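Residue numbers (this note's numbering): 6 to 193.
Take a look at the structure below.
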């Protein structure tokens, strides 16, 4: 059921996923779904929780099987680029849609989204810190700045791939990532 809700939210936004609409999609009664979620806001939080769990399984967990340092950071980036093309998100990255929809809307859904994004930035920064420890990246690297730049490029990629440059967006994003990684490396 949450898989269907997630897929639908990528196409119509969190606001567009109502208990009634989801009930129709999954063939359940509206009252049955309402009993489960109790409110549209709880449904939105549940969709974001589902997305966060899938993100960890799709992006983070496989990357953490790679060697520490630059290989792991590269795997996080590669997996993240593949994320928005996942079959279970026919409308693209749910987090792009949620970011636009929730940026000025306080409440539990926004809080959950912000928490997930902070965790992701921390994961990226942490992977860069490990690359410093492994001596792949220079010791004076601002790992939080690296995480910010990678995050910004990836979200730009998600928009550009869907709207402006479907054929060239990934190549351009990878060029930008390579610049960041080259700048981060230990200088000989």
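Idealized CB from N, CA, C, for every residue including glycine.
Quick caveat, the model's predicted, so the values are computed rather than measured.
Pick out whichever of the options has its Cα sitting closest to the Cα of residue i.
i	options	result
residue 161	150, 149, 174, 185	174
residue 124	40, 7, 93, 57	57
residue 122	112, 104, 43, 113	104
residue 113	54, 167, 179, 101	54
Between which residues of its own chain and residue i is the CB-CB distance below 7 Å, once the five residues before and five after are set aside?
i	result
residue 30	9, 13
residue 69	77
residue 6	31
Give every residue of the same chain whose Cβ lies closer than 8 Å to the Cβ of residue i, excluding the five residues on either side of it in the sequence, and list them in chain order.
i	result
residue 170	177
residue 28	34, 35, 37, 38
Roughly how many angstroms lie between the CA atoms of residue i and residue j, to the nearest whole one?
i	j	result
residue 41	residue 19	17 Å
residue 107	residue 193	45 Å
residue 142	residue 182	14 Å
residue 101	residue 191	33 Å
Could you check how far apart the C-beta atoms of residue i and residue j are, in whole angstroms? I think they sit under 8 Å.
i	j	result
residue 198	residue 133	Absent from the model: residue 198. The displayed extent of the chain is 6 to 193, so no value can be given.
residue 3	residue 94	Examination of residue 3 is not possible in this model, given that the chain is present from 6 through 193 alone.
- [ ] Please confirm if the region 30–47 is in contact with the region 72–79, defined as three or more CB-CB distances below 8 Å between the two stretches.
- [x] no
- [ ] Report yes or no: do three or more beta-carbon pairs, one from the region 80–88 and one from the region 137–151, lie closer than 8 Å?
- [x] no
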